[in-house]
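**Q**
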Amino acid sequence: MDKRSTSRTTSSTQEPTHLDLAEYQAEWARIHENTIRQLEQLEQLKASGQSGKVSGAGSQRSPSTQSPS
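Numbered per this note's numbering, the sequence shown finishes at 119, counting up by one with no gaps.
This is the structure we're talking about:
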């Protein structure tokens, strides 16, 4: 019985999908900075009394913009 893996691919036949360490760290730094910025914006909105506008921030669709059938 052949013990070699037949599903192994070589780097020449497959594009690399991994990031090197520096790119990985930079990507997580960007994610972290964006998260901090969004949290600060949320706190500012809450402090200014506009927290009602934030509740639907995750949804891009509004029921009022849909045409009735």
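Glycine included, C-beta positions come from ideal geometry on N, C-alpha and C.
Predicted model only: the values in this text are computed from it and were never measured.
On the three-state DSSP scale, how would you describe His82?
**A** helix
**Q** Find out if the Cβ-Cβ distance for the pair Leu69, Glu77 is shorter than 8 Å.
**A** yes
**Q** Which of the three DSSP states is assigned to Leu69 in this structure?
**A** coil
**Q** How big is the Cα-Cα spacing for Arg80 and Glu93?
**A** 20 Å
**Q** By how many angstroms is the C-alpha of Ala97 removed from the C-alpha of His82?
**A** 23 Å
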